[in-house]
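Novice: Please read through the structure below; I'll follow up with questions.
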Amino acid sequence: MITVPQKDWIRALTAHPEEQLIQLAASLTETANVSMLQLAQAGLGLITLQESALNEPFYLGEFPLSSCSVAVTCADGQKGSGNAQVMADNAELAKALAVLDAILAHQLSGWLQVAQLIEQGTEKRQAQDQIRSSMLLRTRVDFATLDQTENAE
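Take 89 as the starting number for the sequence shown in the working numbering and just add one per residue.
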């Protein structure tokens with residue numbers, strides 16, 4: 089059984105190359121019927137903040153966003169649905185991630201392969217997070233020691 093929460097599946101899966109994910113989704117659904125509940129779309133998301141003086145919206149910027157929802161029906165009659173939203177300009181990737189989400193969430197044929205990819209992706213992301221944390225620690229300033237230096241002069 090997979091121990092990674094579903095909310096983290098996309099982050100773990102996207103630690104792998106896009107082509108690998110697209111090929112895996114295609115191979116796992118060769119004998120299945122994939123219906124689009126929401127067409128795969130690539131576009132832009134908008135980051136909106138509330139401006140503090142007049143409480144009006146402030147548009148901070150845009151980011152690439154692709155999304156898709158699918159229903160998968162296997163040859164043996166098992167069914168499941170999946171969704172994906174990914175910060176990428178690739179609708180095909182969003183569809184593949186939605187298919188993999190459906191397969192794992194409903195334990196359809198091939199779900200162990202998807203679970204293994206998620207476990208590996210989680211390890212990759214944790215290693216990246218550790219590197220980022222160590223970089224952040226090196227940039228931290230201890231203002232208490234700065235004050236002591238000024239007093240010594």
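The beta-carbon is built from N, C-alpha and C at its ideal position, and this holds for glycine as well.
Give me, in chain order, the residues of the same chain whose beta-carbon lies closer than 8 Å to that of Val92; leave out the 5 immediate sequence neighbours on both sides.
Specialist: One-based indexing of the sequence shown puts residue 92 at position 4. Cβ neighbours of Val92 beyond the five flanking positions: Ala100, Ile206, Glu207 and Thr210.
Novice: Pro145 bridges to which residues according to DSSP?
Specialist: The residue you call residue 145 lines up with position 57 of the sequence shown. Beta-bridge pairing links Pro145 to Gln138.
Novice: Going by DSSP, what residue range makes up the beta strand (DSSP E) through Ala172?
Specialist: What you label residue 172 is simply residue 84 of the sequence shown in a count that begins at 1. Its beta strand (DSSP E) spans residues Lys167 to Val174.
Novice: Suppose you measure from the CA of Ala103 to the CA of Arg213; what does that come to, to the nearest Å?
Specialist: The residue labelled residue 103 in the question sits at position 15 within the sequence shown. The residue labelled residue 213 in the question sits at position 125 within the sequence shown. The straight-line gap from Cα to Cα measures roughly 7 Å.
Novice: I need the DSSP call for Ala128, collapsed to helix, strand or coil.
Specialist: The residue you call residue 128 lines up with position 40 of the sequence shown. In the structure shown, Ala128 sits in a strand (DSSP, three-state: E or B).
Novice: Using a 10 Å radius around the Cβ and a threshold of 16 neighbouring Cβ atoms, would you call Leu225 buried or exposed?
Specialist: As a position in the sequence shown, residue 225 is number 137, starting the count at 1. That one is exposed.
Novice: Could you tell me whether the stretch 164-184 touches the stretch 103-114, using the rule of 3 or more Cβ pairs below 8 Å?
Specialist: A contact exists between the stretch 164-184 and the stretch 103-114.
Novice: Which residue marks the beginning of the alpha helix (DSSP H) containing Arg228, and which one marks its end?
Specialist: In the sequence shown, counting from the first residue as 1, residue 228 sits at position 140. It is not in any alpha helix (DSSP H) - Arg228 carries neither H nor E in the DSSP assignment.
Novice: Which one of Gly170, Asn143 and Gln138 has the shortest CA to CA distance from Lys95?
Specialist: For the purposes of this step, residue 95 is identified with residue 7 of the sequence shown, where counting begins at 1. The shortest C-alpha separation from Lys95 is found at Gly170.
Novice: For Ser155, which residues does DSSP report across the bridge?
Specialist: Here residue 155 is taken as the residue at index 67 of the sequence shown, counted from 1. According to DSSP, Ser155 bridges with Gln129 and Gln173.
Novice: Using DSSP bridges, identify the partner residues of Val160.
Specialist: Here residue 160 refers to the residue found at position 72 of the sequence shown. Beta-bridge pairing links Val160 to Val122 and Gly168.
Novice: Run through the DSSP bridge pairs and tell me what Glu150 is partnered with.
Specialist: Numbered from its first residue, the sequence shown carries residue 150 at position 62. According to DSSP, which records beta bridges pairwise, Glu150 is partnered with Leu134.
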